[in-house]
Amino acid sequence: MSSMKYLSLANNHLETVPVNLPMMEWLDLSNNSINAVAEEQKTDLYPQEVFLIGRNPLHCDCGLLWLKELFDSRKYLLKYIHVDKEEFVPTCSHPAHIAGILWDVLEDEVFGCKDKASKEDDVTSDHDNKLLIHLENLSIRVSDVGHTHVSLEWDPLNLMTVDKAYAASLGTKAYVSYHQFGKKTQFSVAIHLITGSYTLNGLRPSTAYIICMSLGDPMLKSPHVKVAGEDCVEITTEKEKKMQTFLADGYVLVLTILLMCGLLMILCYCLRYFYQKEKRE
1434 MSSMKYLSLA
1444 NNHLETVPVN
1454 LPMMEWLDLS
1464 NNSINAVAEE
1474 QKTDLYPQEV
1484 FLIGRNPLHC
1494 DCGLLWLKEL
1504 FDSRKYLLKY
1514 IHVDKEEFVP
1524 TCSHPAHIAG
1534 ILWDVLEDEV
1544 FGCKDKASKE
1554 DDVTSDHDNK
1564 LLIHLENLSI
1574 RVSDVGHTHV
1584 SLEWDPLNLM
1594 TVDKAYAASL
1604 GTKAYVSYHQ
1614 FGKKTQFSVA
1624 IHLITGSYTL
1634 NGLRPSTAYI
1644 ICMSLGDPML
1654 KSPHVKVAGE
1664 DCVEITTEKE
1674 KKMQTFLADG
1684 YVLVLTILLM
1694 CGLLMILCYC
1704 LRYFYQKEKR
1714 E
């Protein structure tokens, strides 16, 4: 199971999402009878690079908002995969006034969590209600792709703050997180938004990566604010150039020859030493 990359459970009349799923590149749960997914199943769905859960009779209430937020973070994948949109984008079957509306045009507020959130977490609701910082026209773009590096660009940050203390504590630092497509290990680097560009180095040639920008460190447990617009991109690094491969192979060959010559010289010295010793005796 640990080596499984693709799993299709579509059209199986499933009423629940299976538990303890391995990490896969593609999980298809579309066209089943799933109407609710408990938030405890985050650990089953978050690791999946692509998951299809459309065409299920989902009951859209506050308990399902986490899944909507997860979908919002993955909907950019529609630009890179070939799939029926109705299989990828979920819809609600209840309540009636939003039944049949695709999630990519559905606002979070219709899930009815606003009042509950304000009661449970005053700090979070304060940040949400005041909209302390607005991010406008800030989206990550790829300007150059090499075999071991990716150069990123973004527009200048336009901050409109209503709480100077909060703005000062947040600063102008953002985070670029990246991981190989289909791999769970994630890396994160802090950047300054005022620079407008950054280059990721040390990547593997001919490898697909998911790269995202956020205002909080995604490696931490605390919530983070994602950049407005297309904050995630998928790229594939170039193949290693033949000349570089040749030079690398040549470098190894030279080292091997030098090592063999060194060993041969040591062997000759030892033989000469023992020969002269026997001759003197």
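With positions in the sequence shown counted from 1, the corresponding number in this note's numbering is that position plus 1433.
Positions of the beta carbon are idealized from the N, C-alpha and C atoms, including for glycine.
Note that the coordinates shown come from a computational prediction; the quantities given were computed from them, not determined experimentally.
Count the other CB atoms within 10 Å of the CB of Ser1463; is the residue buried (16 or more) or exposed (fewer)? buried
In chain order, what residues of the same chain have a beta carbon less than 8 angstroms from the beta carbon of Ser1639, not counting five sequence neighbours either side? His1580, Thr1669, Thr1670, Glu1671, Lys1672, Glu1673
So, for Leu1447: in the same chain, excluding its five sequence neighbours on each side, which residues have a beta-carbon less than 8 angstroms away from its beta-carbon? Leu1462, Asn1465, Ser1466, Ile1467
Could you check where the alpha helix (DSSP H) with Thr1669 kicks off and where it finishes? No alpha helix (DSSP H) contains Thr1669, which is instead part of the beta strand (DSSP E) from 1665 to 1669.
Would you decide whether Met1457 is buried or exposed? Buried here means 16 or more other CB atoms lie within 10 Å of its CB. buried
Using DSSP with H/G/I as helix, E/B as strand and the rest coil, what is Ser1441? strand
In angstroms with no decimal places, state the Cα-to-Cα distance between Leu1454 and Asp1588. 39 angstroms
Boundaries of the alpha helix (DSSP H) in which Asp1477 is found, first to last residue: 1475 to 1478
Within 9 angstroms, strictly: CB atoms of Ser1572 and Tyr1631: no
Can you list, in chain order, the residues of its chain with a C-beta nearer than 6 angstroms to that of His1527? Leave out the 5 residues immediately preceding and following it. His1492
Bridge partners for Leu1485 per DSSP, in chain order? Asp1461
In three-state terms, what does DSSP make of Asp1577? strand
Taking the alpha carbon of Tyr1513 as the reference point, which residue from Ile1690, Leu1440, Tyr1642, Tyr1684 has its own alpha carbon closest? Tyr1642
Rounded to a whole number of angstroms, what is the C-alpha to C-alpha distance between Thr1449 and Ala1469? 7 angstroms
Ala1471 - DSSP class collapsed to helix/strand/coil: coil
Please name the residue, chosen from Tyr1611, Gly1615, Lys1616, that lies closest to Ala1623 on a Cα-to-Cα basis. Tyr1611
In three-state terms, what does DSSP make of Ile1690? helix
Identify which residue in Asp1541, Gln1481, Thr1524, Leu1626 has its Cα closest to the Cα of Thr1618. Gln1481
Contact defined as beta carbons within less than 8 angstroms: I believe Val1522 pairs with Asp1537. What is the distance between those atoms, to the nearest angstrom? 5 angstroms
Who does Leu1447 pair with in a DSSP beta bridge? Note: Leu1447 sits in no beta bridge, so no partner.
Give me the DSSP bridge partner(s) of Ile1529. One detail in the question is off: residue 1529 reads as Ala in this sequence, not Ile. Its beta-bridge partners do not exist; DSSP assigns none.
For Ser1441, collect the residues of the same chain with a Cβ closer than 7 angstroms to its Cβ; drop the 5 residues on either side in sequence, then sort them by chain order. Asp1461
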